[in-house]
Structure formats: structure tokens, C-alpha cells
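S.K.: Note that the working numbering gives residue 194 to position 124 of the sequence shown, counting from 1, and the numbers run on in steps of one.
The beta carbon of each residue, even a glycine, is placed where N, CA and C say it ideally should be.
Treat the numbers as computed from the prediction; the structure is a model and nothing was measured.
I'd like to ask some things about the structure below.
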Amino acid sequence: NVPFAVELPPTVSGRFLFLATTDGKLVMMQAATLEVLAETDLGMIPGARPKVAGNFVFAELANKEVRVFRIEDGLPPAGTFQLEGHALAGDPLLLPDNDYLIGRTDGTLIRMNPDGTVSDPVQILGQAIQRGPQNINGRIIVIAIDGSFYQLDSNVEK
Numbered sequence: 071n072v073p074f075a076v077e078l079p080p081t082v083s084g085r086f087l088f089l090a091t092t093d094g095k096l097v098m099m100q101a102a103t104l105e106v107l108a109e110t111d112l113g114m115i116p117g118a119r120p121k122v123a124g125n126f127v128f129a130e131l132a133n134k135e136v137r138v139f140r141i142e143d144g145l146p147p148a149g150t151f152q153l154e155g156h157a158l159a160g161d162p163l164l165l166p167d168n169d170y171l172i173g174r175t176d177g178t179l180i181r182m183n184p185d186g187t188v189s190d191p192v193q194i195l196g197q198a199i200q201r202g203p204q205n206i207n208g209r210i211i212v213i214a215i216d217g218s219f220y221q222l223d224s225n226v227e228k
């Protein structure tokens, strides 16, 4: 039994389980035992399940912003970036150079450095994103709202 009220699905990544609670907390638990390893107050209720990529967990807050936390050392804050009324289109993608590529549903792609700092939008597709970015057979793919596929270079606007 989990001692937190949750309405969003949890996220499992490796040996960790991440919860976004109804009282505005991000909780990291040991997946096998459900032991609470860390929790942090987000200040508002999350609007989506936590997303995990590499050593980071991403918490979406009311389509306003994403708060980024390091998994190591108990969820210390790593960065924040604005959503401007849109949601993330999927889990951020860890790139070969250890940067992260992040897609918003409005078609904007953002690059995050390994230290958690975020660039200005690096590419705008011109239509909404349904899903992505994703790595499919070594290719970075974004699926647009109309079902078309966009292949991106891993050095997109570096």
C-alpha cells in the first residue's frame, strides 16, 4: 500500500518508481520494496505522470512549466523550463552527446544540457507533435498530429 494519494500513473525506471501526488509532491521510491527514498514539494499539482530520461526526472506542472530533478542524491533541482500552455509530447530523449531533446505538443523542440540548463527552442516543426522525440533503430523520430513522421538529426541545432 502506497501512503500517497495519486491520480496519475506512476513511472518505473530501473530500480526506481516515481509518483506525482495529488498534494503536489514528486516522490521517488524503491520499485521492489516501495520504500520512499526521496520526495520534494512541487508547489502545484502535476498535470502528467513523471517522465524519466537518463539521470533526470521531469515534472510537468499545469502546462506552465517543467521542473527537472536529478535522480542521484535524492531529487535535487536541476532546472526549469516553460511549457507556454502546452504539454510534453513524450519522455525527453537522451542523445549520444549526453544532451536531451524535448518535444512539446505545439511542435517545439528544446535541447537540455547535461547540467539541466535549457536552450531556446531549437526547432519548430510547424505542426503539433503527437509523440516524440523517440529513438527508433538509431534514428530520432517525431510523430506529428496528422500521423506523419519527421526524422531529425541528433545534432539538431546544436
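Give the secondary structure of K228 by DSSP, where H, G and I count as helix, E and B as strand, and everything else as coil.
M.R.: Position 158 of the sequence shown, counted from the start, is the residue given in the question as residue 228. Because the pLDDT at K228 is just 49, under 50, the model does not fix this residue reliably, and the value given afterwards should be weighed accordingly. In the structure shown, K228 sits in coil (DSSP, three-state: anything other than H, G, I, E or B).
S.K.: In whole angstroms, what is the alpha-carbon distance linking F128 and I215?
M.R.: If you number the sequence shown from 1, residue 128 lands on position 58. If you number the sequence shown from 1, residue 215 lands on position 145. Their backbone Cα atoms lie some 23 Å apart in a straight line.
S.K.: Is the Cβ-Cβ distance between L153 and N205 less than 8 Å?
M.R.: The residue labelled residue 153 in the question sits at position 83 within the sequence shown. The residue labelled residue 205 in the question sits at position 135 within the sequence shown. No, Cβ-Cβ distance for L153 and N205 is not below 8 Å.
S.K.: Using CA atoms only, rank isn't needed, just tell me which of K95, T81 and E77 is closest to R137.
M.R.: Start at 1 with the first residue of the sequence shown, and residue 137 comes out as number 67. The shortest C-alpha separation from R137 is found at K95.
S.K.: Would you kindly work out how many angstroms separate the C-alpha atoms of G144 and E109, rounded to a whole number?
M.R.: Translated into positions along the sequence shown, residue 144 becomes position 74. Translated into positions along the sequence shown, residue 109 becomes position 39. Their backbone Cα atoms lie some 7 Å apart in a straight line.
S.K.: Going along the chain, which residues of its own chain have a beta-carbon closer than 8 Å to the beta-carbon of N168, five neighbours each way excluded?
M.R.: Numbered from 1 along the sequence shown, position 98 holds the residue referred to as residue 168. Hits under 8 Å: G124 and P184.
S.K.: For T175, which residues from the same chain have a beta carbon less than 6 Å from its beta carbon, with the 5 sequence-adjacent residues on both sides left out?
M.R.: Residue mapping note: residue 175 aligns to position 105 of the sequence shown, counting from 1. Within the same chain, T175 has close Cβ partners H156, A157, A159, A198 and I199.
S.K.: I need the DSSP call for G98, collapsed to helix, strand or coil.
M.R.: Position 28 of the sequence shown, counting from 1, holds the residue named residue 98. It is Met, not Gly, that sits at residue 98 in the sequence shown. Reduced to three states, the DSSP call for M98 is strand.
S.K.: Could you tell me if L165 is buried or exposed, where buried requires 16 or more neighbouring beta carbons within 10 angstroms of its beta carbon?
M.R.: By one-based count along the sequence shown, residue 165 stands at place 95. Buried: at least 16 other Cβ atoms inside 10 Å.
S.K.: Leaving out the 5 sequence neighbours to the left and right, which residues in its chain are closer than 6 Å to I115 when beta-carbon positions are compared?
M.R.: Your numbering for residue 115 matches position 45 in the sequence shown. Cβ neighbours of I115 beyond the five flanking positions: G94.
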